[in-house]
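Visitor: Pasting a structure below so you can have a look.
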Amino acid sequence: MTRQLACFSLLVVLLSLSCRKKGEEPAPPATPTPTPTDTLSSQKTILRFVLKAADNAGLAADDTAQMLGNNEILLTLPFGTNVTALKPTITHTGASVTPGSGVAQDFSSPRQYVVTAQDGSQNTYSVSVRIAVNRTVYAVNSAGKLYALNGTNGTVKWQYSAGGTVASGSPCYQNGTVYFGSSDGYMNAIDASNGALRWRFLSAGSLAHTTPVVSNGVLYFGGQRAGGRGALYALNASSGALVWNNLLPQAPLGNPTVSNGKVFVSYFYGMVSLDAATGASFRSYSTSICGINPLVVNGWVFSGTESTVVSAYNVQTGANAWHYLDVPPGSPSAGASSSPTLHNGVIFNAGYTRYLYAIDSSSGALKWKYILGGGANTGYFSAPVVGNGIVYAGNTDNNVYAIDEQTGALRWRFSDAPNVGGTPNVGGINYCTVKGTMLYVGYSNGKVYALNAVTGGTIWSFDTSAPIYGGICVEENGSVAHPGHSGEQQ
Numbered sequence: 002m003t004r005q006l007a008c009f010s011l012l013v014v015l016l017s018l019s020c021r022k023k024g025e026e027p028a029p030p031a032t033p034t035p036t037p038t039d040t041l042s043s044q045k046t047i048l049r050f051v052l053k054a055a056d057n058a059g060l061a062a063d064d065t066a067q068m069l070g071n072n073e074i075l076l077t078l079p080f081g082t083n084v085t086a087l088k089p090t091i092t093h094t095g096a097s098v099t100p101g102s103g104v105a106q107d108f109s110s111p112r113q114y115v116v117t118a119q120d121g122s123q124n125t126y127s128v129s130v131r132i133a134v135n136r137t138v139y140a141v142n143s144a145g146k147l148y149a150l151n152g153t154n155g156t157v158k159w160q161y162s163a164g165g166t167v168a169s170g171s172p173c174y175q176n177g178t179v180y181f182g183s184s185d186g187y188m189n190a191i192d193a194s195n196g197a198l199r200w201r202f203l204s205a206g207s208l209a210h211t212t213p214v215v216s217n218g219v220l221y222f223g224g225q226r227a228g229g230r231g232a233l234y235a236l237n238a239s240s241g242a243l244v245w246n247n248l249l250p251q252a253p254l255g256n257p258t259v260s261n262g263k264v265f266v267s268y269f270y271g272m273v274s275l276d277a278a279t280g281a282s283f284r285s286y287s288t289s290i291c292g293i294n295p296l297v298v299n300g301w302v303f304s305g306t307e308s309t310v311v312s313a314y315n316v317q318t319g320a321n322a323w324h325y326l327d328v329p330p331g332s333p334s335a336g337a338s339s340s341p342t343l344h345n346g347v348i349f350n351a352g353y354t355r356y357l358y359a360i361d362s363s364s365g366a367l368k369w370k371y372i373l374g375g376g377a378n379t380g381y382f383s384a385p386v387v388g389n390g391i392v393y394a395g396n397t398d399n400n401v402y403a404i405d406e407q408t409g410a411l412r413w414r415f416s417d418a419p420n421v422g423g424t425p426n427v428g429g430i431n432y433c434t435v436k437g438t439m440l441y442v443g444y445s446n447g448k449v450y451a452l453n454a455v456t457g458g459t460i461w462s463f464d465t466s467a468p469i470y471g472g473i474c475v476e477e478n479g480s481v482a483h484p485g486h487s488g489e490q491q
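Read in the numbering used here, the sequence shown has 78 at position 77, and its numbers run on one by one without any break.
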């Protein structure tokens, strides 16, 4: 049987060979079916971008970036953070990211991060750092209490009491110190970080209506002395040491303005300038009563008088360039009731006429004027401030007015009782301060208000429990929006 199977197998092989055509090669072996392999990933997304406190000195806690869309990433960091060597921790879906996670970078300007996928495609992100706003509002009430309020929500950071004395001037912030005067004759220097007293200087009389100003490390302010006379002081702003004082025949009616090495101040006999370094007299200007703070800019000094809304004088020669005078029918006086402010070549100032004026600074020509209704029941405007295309001014009729800078039309007004500020013409105090889209104002009902500067809506208020007759000083990240007492150019 075995021999039969072997013969059969041999026969099959022979038959197969006999069927192949002459010269035909054997068929190649079949090619195996390929096995599928994984394709390279195209994923290249940043999932998380974080600055860890452990990797970045000065950060108290981890800060995670906000993804804004369009491949933009934003980090908001606390005020004072050094942004020149930040080490981010980056989580992503790609094969790599450049610069790498944990690599220190300077974020003073936006940085580009490129995520590369496994397949070689790339995705670019722009990463920006913003320093958070640290805004403080300083207000002093008539009971001599200075308040430092959070500018965002109105909560109290600290408060300092001058011992029950009267204060109706505006506080002044500079280089981490807040300065304010009180009726006991002291100029007070307060640590802006914690409300602690740094130093006090005793002058020769009341400083209740005084608003100081700092320039080149020197604090300037005017005050009263015996017999209705006055004095102008210059102190070392850091130590409170007296640099010089100049005795005046009358107490200043306005607060000093410092410009180009000179101090300008108005009082009963007119307006004068002194050498800022020595206190020596330099020039006399108007001989009329000037009860407000001078505005000094571009070689000109602008001030209202008892008979003019604004007058312009050459700083060097004292020569008068122009006066703007307005005597509407029934007006109690033609003089100025506030300190002038300059913005975009236009001077804004108020008069006892109950008008707020916009005057061309070069020619003295009137651009527009806005009057309150109500006749004898209407009041006087405080010194104006300008921002957002709007002129803001408090008024003794209980309102804060927002007037279009170009047209003089009323945008909105805000009211509370009693009056905004107190009696007008107390050192030309400016009751409103604008910072961005926030407007801050003090009322004689004791409240500080933060208003939306565009709409006039209330954002927050804080009650100091005593009238506020002075202006509001606002500090943001170490820079200050002055309350306008110095005739600021805005």
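Here a beta-carbon is modelled for each residue, glycine too, at the ideal position from N, C-alpha and C.
Is there contact between the segment 448 to 466 and the segment 149 to 159, where contact requires at least three CB pairs shorter than 8 Å?
Guide: Result yes; three or more Cβ-Cβ pairs closer than 8 Å.
Visitor: Alpha carbon to alpha carbon, how far is V244 from F202? Give it in angstroms, no decimals.
Guide: Each residue's Cα considered, the two are about 12 Å apart.
Visitor: Looking at the secondary structure, which residues open and close the beta strand (DSSP E) in which C291 lies?
Guide: Careful: C291 lies outside any beta strand (DSSP E) and carries neither H nor E.
Visitor: What residues in its chain sit with their C-beta under 7 Å from that of Q490, if we drop five residues either side in the sequence?
Guide: Only weak support is given to the placement of Q490: the predicted model assigns it a pLDDT of 42, under 50, and the question is left unresolved by the model.
Visitor: Run through DSSP, which three-state label would G388 get?
Guide: It is a strand residue.
Visitor: Helix, strand or coil: which one does DSSP assign to A163?
Guide: A163 falls in the coil class under three-state DSSP.
Visitor: Since H210 is in the beta strand (DSSP E), which residue starts that stretch and which ends it?
Guide: First-last for H210: undefined, no H or E at that position.
Visitor: Determine contact between the segment 168 to 175 and the segment 136 to 143, defined as no fewer than three beta-carbon pairs at a distance below 8 Å.
Guide: Yes, they touch.
Visitor: Thinking just about the alpha-carbon of each residue, which of S274, N345, Y268 and S445 is nearest to the one in Q251?
Guide: Out of S274, N345, Y268 and S445, Y268 has the C-alpha closest to the C-alpha of Q251.
Visitor: Please go through the segment 314 to 377 and give each complete beta strand (DSSP E) segment of 3 or more residues, from N-terminal end onward.
Guide: Here the runs fully enclosed are 321 to 325, 342 to 344, 347 to 351, 356 to 361 and 367 to 372.
Visitor: Does DSSP classify A149 as helix, strand or coil?
Guide: Of the three classes helix, strand and coil, the one that applies to A149 here is strand, per DSSP.
Visitor: Can you give me the Cβ contacts of D56 inside the same chain, cut-off strictly under 8 Å, excluding the 5 residues immediately before and after it?
Guide: The answer, listed in chain order, is K88, T90 and G103.
Visitor: Apart from the five residues on each side of it in sequence, which residues of its chain come closer than 7 Å, Cβ to Cβ, to P111?
Guide: These residues qualify, in order along the chain: S127, V128 and S129.
Visitor: Is T117 closer than 8 Å to G95 when the C-beta atoms are compared?
Guide: Going by C-beta atoms, G95 is nearer than 8 Å to T117.
Visitor: Any idea if P425 is buried or exposed, counting beta-carbon neighbours within 10 angstroms, 16 or more meaning buried?
Guide: Note that P425 scores 37 on pLDDT, short of 50, meaning its location in the model is unreliable and no value can be drawn from it.
Visitor: Assign P425 to one of three DSSP states: helix, strand, or coil.
Guide: Unreliable positioning characterises P425 in this predicted model, as indicated by a pLDDT of 37, which lies under 50. The coordinate reading is nonetheless provided below. In the structure shown, P425 sits in coil (DSSP, three-state: anything other than H, G, I, E or B).
Visitor: Give a yes or no on whether the C-beta atoms belonging to G1 and A235 are separated by under 8 Å.
Guide: Outside the shown range of the chain, which is 2 to 491, sits residue 1, and nothing can be said about it.
Visitor: Taking 8 Å as the limit between beta carbons, can you name the residues of its chain near L411, skipping five residues before and five after?
Guide: The answer, listed in chain order, is Y371, Y402, A403, I404 and D405.
Visitor: Closest by CA to L249, which one among L220, S204, T465 and R226?
Guide: It is R226 whose Cα lies nearest to the Cα of L249.
Visitor: Mind checking T82: buried by the 16 CB within 10 Å criterion, or exposed?
Guide: Label assigned to T82: buried.
Visitor: Can the beta-carbon of V51 be found closer than 8 Å to that of T40?
Guide: No, these two residues do not count as a Cβ contact at 8 Å.
Visitor: Using alpha carbons as the reference points, say which of I290, S363, R49 and D192 lies closest to N72.
Guide: Of the listed residues, the one whose Cα sits closest to N72 is R49.
Visitor: Applying the criterion that 16 or more other CB atoms from any shown protein chain within 10 Å of the CB defines a buried residue, is H210 buried or exposed?
Guide: It is buried - the Cβ of H210 has at least 16 other Cβ atoms within 10 Å.
Visitor: For G229, name the three-state secondary structure that DSSP assigns.
Guide: If DSSP states are grouped into helix, strand and coil, G229 belongs with the helices.
Visitor: Identify which residue in A384, E307, W159 and V167 has its Cα closest to the Cα of D185.
Guide: It is V167.
Visitor: Thinking C-beta only, is V449 closer than 8 Å to T438?
Guide: No. Outside cutoff.
Visitor: Any idea what DSSP makes of P172, helix, strand or coil?
Guide: P172: coil per DSSP, three-state reduction.
Visitor: Measure the Cβ-Cβ separation of L233 and N246 and say whether it is below 8 Å.
Guide: Yes, the Cβ-Cβ distance between L233 and N246 is below 8 Å.
Visitor: G346: which of G336, A366 and A335 sits nearest, CA to CA?
Guide: Ranking the options by Cα distance to G346, first place goes to A366.
Visitor: Of all the options R414, R136 and Q175, which has the alpha carbon lying nearest to the alpha carbon of T156?
Guide: The residue with the shortest Cα to Cα distance from T156 is R136.
Visitor: Look at L357 and A322 and say whether their C-beta atoms are less than 8 Å apart.
Guide: Not closer than 8 Å, so no.
Visitor: Determine, using beta carbons only, whether Y187 and L220 come nearer to each other than 8 Å.
Guide: Result no, Cβ atoms of Y187 and L220 do not sit closer than 8 Å.
Visitor: If you compare alpha carbons, which of T318, V310, Q317 and N350 is closest to H497?
Guide: What the structure shows of the chain is the stretch from 2 to 491, and residue 497 is not part of that stretch, so it cannot be assessed.
Visitor: Report the residue from C433, V264 and A320 whose alpha carbon sits nearest the alpha carbon of I391.
Guide: Comparing Cα-Cα distances from I391 to each of C433, V264 and A320, the minimum goes to C433.
Visitor: DSSP on E477, reduced to helix/strand/coil?
Guide: Strand.
Visitor: Taking the alpha-carbon of F301 as reference, which of Q175, T318 and G228 has the nearest alpha-carbon?
Guide: It is Trp, not Phe, that sits at residue 301 in the sequence shown. Nearest option by C-alpha distance: T318.
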